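The block underneath contains the structure these notes are about, expressed in structure tokens.
Number of protein chains: 2
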Amino acid sequence: MRMRATVPITVADIKSACSQCNLLELCLPFGMSETEINRLDELVGARRKVKRSQHLYRSGEGFEAIYAIRTGSFKTDVLLEDGREQVTGFQMTGEILGLDGISTEQHSCNAVALEDSEVCVIAYDKLEELSREIEGLQHQFHKVMSKEIVRDHGVMMLLGSMRAEERLAAFLLNLSQRFTARGFSPAEFHLRMTRDEIGSYLGLKLETVSRAFSKFQEGGLISVQQKHIRIIDLDGLRKLVHHPASPR
Amino acid sequence: MRMRATVPITVADIKSACSQCNLLELCLPFGMSETEINRLDELVGARRKVKRSQHLYRSGEGFEAIYAIRTGSFKTDVLLEDGREQVTGFQMTGEILGLDGISTEQHSCNAVALEDSEVCVIAYDKLEELSREIEGLQHQFHKVMSKEIVRDHGVMMLLGSMRAEERLAAFLLNLSQRFTARGFSPAEFHLRMTRDEIGSYLGLKLETVSRAFSKFQEGGLISVQQKHIRIIDLDGLRKLVHHPASPR
DNA sequence: AGCAAGCGTTGATCCATGTCAACCTCCTGG
DNA sequence: CCAGGAGGTTGACATGGATCAACGCTTGCT
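From first to last, the protein sequence lines stand for chains P and X. Once you know that position 209 of the first sequence is 209 in this note's numbering, the rest is easy, because the numbers rise by one and skip nothing. Numbers in this note's numbering are just positions in the second sequence, counted from 1, shifted up by 248.
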């Protein structure tokens, strides 16, 4: 529970309690016993509020904690010297941020809030300590890291082997599935990121993203109104990913 | 130390000993004390030989162990239903394979030997058990996973934001650096993978890879003879990555 | 040792996506 | 509540890399 002077953020003095949290089954405590989860409460320090477009952490900063998203959403990105940005992921509630920092004890990417958000701060040294005692925590933490690796491989597949429309379809399906897991509609949601950010994530220019959205709409697959998306033909989108018009 | 009947592999009955291994500082034991490393020897089961082009594991197979490469090299890839392949990485001695399997207890990619190779088999349940006792092991294991995440983000950057020649230059620099870390020449090495595999990894077609090699050679940056690469102008390659001719 | 198949190179052409530009829309902050 | 700027759409055109094709070279298998 350490204040950082460089960034204008608020550390609410409210103890987060995993045992009280409704994100349990999406978050770090997943699969742990009730007794184990109660012990987690000693692990999670304070919550921290991050306003839209503010950084939770920056590339190069010292690594001390990982973060569980309680409300809101984030993007992570990597910057090249010449200013090019690669968005490496979009994270929503229950997902864990900051795992990249473990390897060098410095963060290697930036995490930026896409809307006013709140995270639980999990001191990393305490996490290691506690996961030596609680088998379930250790195992779940490993799963979270491994899942991130698997996700990354999926993104490589997107970027390396799929065409523009396949990438966007896969992206929408992924969002839909994650919204569903959080109890929201699988078919209707608001995008929290811009076309430019989607483009960066998918290795496309924003114009290409915009055109693909329009084409999906013309084809009756979705309806788009700015950031509001309604999926009309989920199977149609799935077919786009699995049997693209002309594979690359 | 469990035999797998499905794949024709050899499990040598030689106990691997981390304490005797010269790959220490590249592998899981990095940063651990001598006492700690001695305890590791109980963790590493048998070694396993994998012949060129054979699978170490396949996507969908149950996950039981991770593997440390003792000799040789591997590629990992993900397959789409329609047969498209995305190579997600090339691994060399001391690097760890199989981390993707933790999240679902099934492997999510294929690992194929690029040459006759040998790996140390590390039973995963034992690893968790031992890393609850040995702080150094726990920490190093986390670092290995985190490093993989950081590496993946670098690949996303490649695939999402860089042009063909930048990608290949970055790839060569990365190989050079990893060969150096293993005591080989930074400037001269043999590629163990085909143009097609490089292309898949970099999101390019094999012809594009071949043309880029030729262009680097014409430009006096490298000399290529099939799989034999000699880097002539390391800085020239670096400039290609950091200040591409015309950024995307 | 010999030869076929896989791997690599190079050229010509095409097309998916990038680039540039104009314009529209809708929040968002004062 | 209004104004201005950021975000989004669409069109016209350019181009990097894909595709198709032909051929040469190893290399690894018998």
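Where a beta carbon is used, it is the ideal one built from N, C-alpha and C, also for glycine. Predicted, not measured: the structure shown is a model, and the values here were computed from it.
For Thr319 of chain X, the enclosing beta strand (DSSP E) covers residues Ala313 to Thr319. At a cut-off of 8 Å between C-beta atoms, Asp330 of chain X counts as an interface residue with respect to chain P. With 16 or more other CB atoms across the displayed protein chains lying within 10 angstroms of its CB, Asn358 of chain X is buried. For the pair Val119 of chain P and Arg47 of chain P, the Cα-to-Cα distance works out to about 6 Å.
DSSP places Arg48 of chain P within a strand segment (E or B) once states are collapsed to three.
DSSP, read as helix, strand or coil, puts Asn422 of chain X in helix. At least one CB atom of chain P sits nearer than 8 Å to the CB of Ile397 of chain X.
In the DSSP annotation of this structure, Thr76 of chain P is not part of any alpha helix (DSSP H); the continuous beta strand (DSSP E) holding it starts and ends at Phe74 to Leu79. Neighbourhood of Thr336 of chain X in chain P, by CB distance below 7 Å: His153 and Met156, in chain order. Rounded to the nearest whole angstrom, the C-alpha separation of Gly31 of chain P and Val398 of chain X is 26 Å. Looking from the CA of Leu304 of chain X, the closest CA among X:Lys487, X:Val369 and X:Arg287 belongs to X:Val369. Counting only the Cα atoms, Gly72 of chain P lies some 39 Å from Ile446 of chain X. Contact between Arg195 of chain P and Leu206 of chain P holds: CB atoms are separated by about 4 Å, below the 8 Å threshold. Each residue's CA atom was taken as its position, placing Leu24 of chain P and Gly94 of chain P some 8 Å apart.
Rounded to the nearest whole angstrom, the C-alpha separation of Ala361 of chain X and Ala316 of chain X is 13 Å. Taking Arg411 of chain X as reference, the option from X:His390, X:His355, X:Thr336 and X:Val457 with the minimal CA-CA separation is X:Val457. Positions of the beta strand (DSSP E) runs, each at least 3 residues long and wholly inside the segment 442 to 492 of chain X, are given as 470 to 473 and 476 to 479 in order along the chain. Comparing alpha-carbon positions, the option among X:Glu284, X:Asp348, X:Leu482 and X:Ser267 lying closest to His387 of chain X turns out to be X:Glu284. Taking every protein chain shown into account, the CB of His355 of chain X has 16 or more other CB atoms within 10 angstroms, so this residue is buried.
Along the length of the segment 134 to 180 of chain P, whole alpha helix (DSSP H) runs at least 4 residues long occupy 135 to 161, reported in chain order. Secondary structure note for Ile122 of chain P: it is in no alpha helix (DSSP H), and the uninterrupted beta strand (DSSP E) holding it is Ser117 to Ala123. The C-alpha of Gly160 of chain P lies about 12 Å from the C-alpha of Glu166 of chain P. The Cβ atoms of Ile102 of chain P and His390 of chain X lie closer than 8 Å to each other. With contacts defined as CB atoms closer than 8 Å, His401 of chain X and Thr88 of chain P qualify as a contacting pair. Bounds of the alpha helix (DSSP H) holding Asn286 of chain X are Glu282 to Leu288. Asp348 of chain X and Met145 of chain P have their C-alpha atoms some 9 Å from each other.
In this structure, Gln334 of chain X and Phe322 of chain X do not form a Cβ contact; the two beta carbons are roughly 15 Å apart against a cut-off of 8 Å. For Gln20 of chain P, the secondary structure class from DSSP, reduced to helix, strand or coil, is helix. Pairing Glu115 of chain P with Arg192 of chain P gives a Cβ-Cβ distance under 8 Å. Comparing alpha-carbon positions, the option among X:Glu329, X:Glu312, X:Ile480 and X:Lys395 lying closest to Ser424 of chain X turns out to be X:Ile480. The closest CA to that of Leu127 of chain P, considering only P:Val241, P:Glu42, P:His228 and P:Phe179, is found on P:Glu42. As the crow flies, the alpha-carbon of Ser448 of chain X is around 18 Å from that of Val241 of chain P. Excluding sequence positions up to five before and after Leu234 of chain P, its CB lies within less than 8 Å of the CB of Leu173, Ser176, Pro186 and Ala187, all in the same chain and listed in chain order. Residues of the segment 123 to 135 of chain P with a Cβ closer than 8 Å to any Cβ of chain X, in chain order: Glu128, Ser131, Arg132, Glu133 and Glu135. Of all residues in the segment 347 to 374 of chain X, those with a C-beta nearer than 8 Å to a C-beta of chain P are Leu347, Asp348, Gly349, Ile350, Ser351, Thr352, Ser356 and Cys357, reading in chain order.
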